[in-house]
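At position 52 of the sequence shown (counting the first as 1) the number is 65 in the working numbering, and the numbers step up by one without a gap.
Even for Gly, the Cβ is constructed at its ideal location relative to N, Cα and C.
Keep in mind that this is a model prediction, so the values were computed, not measured.
A short write-up of the structure that comes next.
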Amino acid sequence: MISRRTKDALAAKKAQGVKLGGLNAKGIQNRDEARERAEALRPIFTELAGNSARAIAAALNDRKVPTPSGRPWYAATVIRVQQRLGME
């Protein structure tokens, strides 16, 4: 019953031309800021290319390169930056 009402309400909003789902203004801003940070790191990532994500994370931590959150670099963080740069 609830799912039917939800589906009906979403269909009504869609019929009114309301955009459903996707990125909002803040999501777009966050995405663009992440791409800018990744571009700033491109020279370091180019230099370290060929190493594993874990080795790159260790090198970034050794060089004291900050992450946006201020936490240490991890392989998953490195992989996300590489994907933003198209280096994966």
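Non-local C-beta neighbours of residue 54 in its own chain, meaning closer than 7 Å and more than five positions away in sequence, comprise 94, ordered along the chain.
In this structure, residue 36 and residue 44 form a Cβ contact; the two beta carbons are roughly 7 Å apart against a cut-off of 8 Å. Straight-line measurement puts the Cα of residue 32 at about 39 Å from the Cα of residue 70.
Judged by beta-carbon spacing, residue 98 lies beyond the 8 Å limit of residue 68, meaning their Cβ atoms are not closer than that value.
A direct Cα-to-Cα measurement between residue 63 and residue 73 gives close to 14 Å.
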